[in-house]
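Residue numbers (our numbering), protein chains in the order written: chain A, 1401 to 1597; chain B, 160 to 516. Cβ coordinates follow ideal geometry from the N, Cα and C atoms, glycine included. Heads up, the thing below is written out as structure tokens.
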Amino acid sequence: MSDVSLPDSQLWCLIKDDDQAAYTALFRKYYPALLGYGKSLTDHHGLAGDCVQETFMEVWIYRKNLAVPDSVRAYLLAGVRRRIARRLERDRIFRHSRDIGEAEFSFQFTPLDAMISDEETRRQVHQLNTLLNQLPARQREALYLRYHQQLDIDEIARLMQINPQSASNLLHRGIKHIREVWVGELHTFALLLCVYF
Amino acid sequence: MQRESYTTVTQFCDDALFREWVITGRDNAGWVQWLEANAAKQRLAQEARYLILAIGDDMTGATAGETDQALEETWWRIHEHEHRVLPTGFTGWWRAAAAVLLFALGLGWYVSRQQLSVTNTAMRKPPAASPAKREIEVFNDSRVARLVNLEDGSTIILQPGGKLSYPAKFAAGKREVHLAGEAFFEISKNRRRPFLVYTNDIITEVVGTSFRVKAADDQPEVEVFVKTGEVHVRQVKPKNNASENVVLLPNQSVSYVKSRSLFEKPENKDIPKRAIEYLNFDFSDAPVETIFSALESAYGVTIDYPREALRNCYLSTSLSDEPLLSKLKIVCESISSGTQFRMEGNHVVVESTGCNE
């Protein structure tokens, strides 16, 4: 029997040996995250679910020929992204949607309110959150892949079809920008305090 | 421990144990204690904590119930797939085309394994010493045709699996590209700068015309099909001294048999339906919308235009022998003098306030 606690590479090897329980474990482990990513690439949520299923179908159907990926998560995310791109491209003559290279990454970050207990933290976090959600789509996608999907720079670069330096720049530029604006506002706040008191 | 050396917010954000502490409250690494002892790092850590909380957790996915339902559906689809006879994913014309066509060839192509595994349509621009000599390589790893615009205004429609390389800027005297796989060419006319397509075995030379080259690695033949104009085809390495130069006229095609290193007799050929050769782009009193949608499906581009402003615009035009950019130029000029367009990759943006009365 296989369980979710096994490392991905072991689950993958078991799947190659026709282990359906390992496949179930892998599916349960990654389906929610992949669906979340898929939905952020197209507002057609049925399409996102479909593409995630197809990505998993491929894993089973071609299990004998597939090499164990360095990162199973990155492999599956790339599969979902590629499929959605392909489907949007196929559909765009009818729907006038743009291809995924230009498609807006529409994910909106939601603050983790459950872990916030004091009002000052809440204020700061929500202010940062607003700034995050105003970043350009590519920067948001890079941050999402880094902090929600835990991909490293090289994996983000491959997924977004850019070189690692550009991926690193996207992340840093995003964080740098919101910190600058945020710190700027902190200073303004401090100045106001000086004026009033 | 490593964290003593942290000097940026990002380093804290990237620390899995720090993230775990912020997101779940589980303090396995003793952050509370550590921060008390390292007051100098408190500001950075606080900022990182705010940032992690603002980025949040992924809540958009699926519940356990939804996941298991999707799993069930997936098993069902796998079962369905394994009991099906015909392959899917290709439309009728692709199957027909695959049955009819014979190709050949192998360029020593370097294709990054990583690009193969993750990209839909990968474009690689290697860094080069001088911009003039920079070679651009395009590999179409998708299942749909990909449009490539060249600096001289020529258009190439690269079929799935096709690889093309071309200079960012052509030489003064000639325009040279390398192809493996299949592509359809619409070449802008320029008598002083012939256009040459190199495959492993043959060279196809034109002045201004449209034609298709099919040169796949794993096929015994290379095929050239001419839609308009005149095309010259010859071997890369002629045997003996008899450099055979095959001249092709519109609707003629020639096959080069790799194993025998010779050309077969050119023949007239029926145009595959739905292929771009088949489309003549002759419009008589057609709504602009019809013309744009014909261009969209032929070239695999999207065209954005002000639908309301162009609602009542009708054009009569013949666009058969022009590259895409020229076609767009003609259409836009016909609409009105103020109508302009620009290309953004595979996307065309048309700006117009309306048509000539």
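Q: Figure out for me which residue from B:T183, B:R162, B:L210, B:I182 has the closest Cα to the Cα of Q192 (chain B).
A: Stepping through the second sequence from its first residue, residue 192 (chain B) is reached at position 33. It is B:R162 whose Cα lies nearest to the Cα of Q192 (chain B).
request  = Find out if the Cβ-Cβ distance for the pair S1409 (chain A), V1468 (chain A) is shorter than 7 Å.
outcome  = Here the question's residue 1409 (chain A) lines up with position 9 in the first sequence. Here the question's residue 1468 (chain A) lines up with position 68 in the first sequence. A contact, by the Cβ cut-off of 7 Å.
Query - Per-residue DSSP class, three states only, for L323 (chain B) - result: By one-based count along the second sequence, residue 323 (chain B) stands at place 164. Strand.
Partner residues on chain A for I214 (chain B), Cβ-Cβ distance less than 7 Å: If you number the second sequence from 1, residue 214 (chain B) lands on position 55. Residues of chain A passing the Cβ test: F1509, L1532, L1543, Y1547.
Less than 7 Å separating the beta-carbons of I211 (chain B) and R178 (chain B)?
Position 52 of the second sequence holds residue 211 (chain B). Position 19 of the second sequence holds residue 178 (chain B). Yes; because the gap between Cβ atoms is below 7 Å, this pair is in contact.
Can you check whether the C-beta of T167 (chain B) is within less than 7 Å of a C-beta belonging to chain A? Walking along the second sequence from the start, residue 167 (chain B) turns up at place 8. Answer no: the Cβ-Cβ gap between T167 (chain B) and chain A never drops below 7 Å.
### Task
Out of B:R352, B:I450, B:G321, point me to the one whose CA is closest to L483 (chain B)'s CA.
Mapped onto the second sequence, residue 483 (chain B) falls at position 324. Minimum Cα distance to L483 (chain B) is reached at B:I450.
Tell me which residues share the same chain as K1416 (chain A) and place their Cβ nearer than 6 Å to its Cβ, disregarding the 5 neighbours each side in the sequence. As a working note, residue 1416 (chain A) is residue 16 in the first sequence. Correct list, in chain order: R1463.
Exercise for the section: Pull up the distance between the alpha-carbon of S443 (chain B) and that of L474 (chain B), whole angstroms please. Expected result: Counting from one through the second sequence, the residue named residue 443 (chain B) turns up at place 284. Counting from one through the second sequence, the residue named residue 474 (chain B) turns up at place 315. Using only the alpha carbons, I get a separation of about 7 Å.
Q.
So the candidates are B:R202, B:L355, B:V372; which of them puts its Cα closest to the Cα of V365 (chain B)?
A. Position 206 of the second sequence, counted from the start, is the residue given in the question as residue 365 (chain B). Answer by Cα proximity: B:L355.
Check: So what's L338 (chain B) in DSSP terms, helix, strand or just coil?
Finding: For the purposes of this step, residue 338 (chain B) is taken as residue 179 along the second sequence, with counting starting at 1. Reduced to three states, the DSSP call for L338 (chain B) is strand.
- prompt: What are the boundary residues of the beta strand (DSSP E) that includes S386 (chain B)?
  reply: What you label residue 386 (chain B) is simply residue 227 of the second sequence in a count that begins at 1. This sequence places Lys at residue 386 (chain B); Ser is not what is there. 380-387 is the extent of the beta strand (DSSP E) around K386 (chain B).
* Asked: In terms of residue numbering, what span does the alpha helix (DSSP H) encompassing S493 (chain B) cover?
  -> Counted from its first residue, the second sequence places residue 493 (chain B) at position 334. Element bounds for S493 (chain B): 483-494.
- Three or more C-beta pairs closer than 8 Å, one from the region 162-174 of chain B and one from the region 221-230 of chain B: is that the case here? no
Report buried or exposed for Q1539 (chain A), applying the criterion of at least 16 other Cβ atoms within 10 angstroms of its Cβ. Taking the first sequence and counting its residues from 1, the one referred to as residue 1539 (chain A) is at position 139. It is buried - the Cβ of Q1539 (chain A) has at least 16 other Cβ atoms within 10 Å.
If we ignore side chains and look at the alpha-carbon of each, how far apart do F343 (chain B) and T314 (chain B) end up?
Position 184 of the second sequence, counted from the first residue, corresponds to residue 343 (chain B). Position 155 of the second sequence, counted from the first residue, corresponds to residue 314 (chain B). Cα to Cα, the separation comes out at about 8 Å.
If distances are taken between C-alpha atoms only, which option among A:E1519, A:L1531, A:Y1475 comes closest to E1580 (chain A)?
Taking the first sequence and counting its residues from 1, one reaches residue 1580 (chain A) at position 180. Residue A:L1531 is the option with its Cα nearest to E1580 (chain A).
Exercise. Less than 7 Å separating the beta-carbons of K322 (chain B) and A339 (chain B)?
Worked result: Numbered from 1 along the second sequence, position 163 holds the residue referred to as residue 322 (chain B). Numbered from 1 along the second sequence, position 180 holds the residue referred to as residue 339 (chain B). Yes, the Cβ-Cβ distance between K322 (chain B) and A339 (chain B) is below 7 Å.
Look at V1480 (chain A) and T1455 (chain A) and say whether their C-beta atoms are less than 7 Å apart.
Here residue 1480 (chain A) is taken as the residue at index 80 of the first sequence, counted from 1. Here residue 1455 (chain A) is taken as the residue at index 55 of the first sequence, counted from 1. Result yes, Cβ atoms of V1480 (chain A) and T1455 (chain A) sit closer than 7 Å.
Inter-residue Cα distance where the pair is A204 (chain B) and P319 (chain B)
In the second sequence, residue 204 (chain B) corresponds to position 45, counting from 1. In the second sequence, residue 319 (chain B) corresponds to position 160, counting from 1. Distance between the alpha carbons of A204 (chain B) and P319 (chain B): 49 Å.
Review point. With a cut-off of 8 Å, do at least 3 Cβ pairs link the region 1519-1531 of chain A to the region 1558-1572 of chain A?
Key: no
Boundaries (first-last residue) of the beta strand (DSSP E) holding M502 (chain B): Locating residue 502 (chain B) in the second sequence gives position 343, counting from the first residue. Per DSSP, M502 (chain B) belongs to the beta strand (DSSP E) from 499-503.
Item to complete: Would you mind reading off the limits of the alpha helix (DSSP H) that contains E1555 (chain A)?
Response: Within the first sequence, the letter at position 155 stands for residue 1555 (chain A). Note, E1555 (chain A): alpha helix (DSSP H), 1553-1560.
Is the beta carbon of L1411 (chain A) closer than 7 Å to that of A1425 (chain A)? Sequence index remark: in the first sequence, residue 1425 (chain A) carries index 25 (1-based). Sequence index remark: in the first sequence, residue 1411 (chain A) carries index 11 (1-based). Yes; because the gap between Cβ atoms is below 7 Å, this pair is in contact.
Q: Grab the span of the beta strand (DSSP E) containing R185 (chain B) for me, first residue to last.
A: Start at 1 with the first residue of the second sequence, and residue 185 (chain B) comes out as number 26. Where R185 (chain B) is concerned, there is no enclosing beta strand (DSSP E), given that its DSSP letter is neither H nor E.
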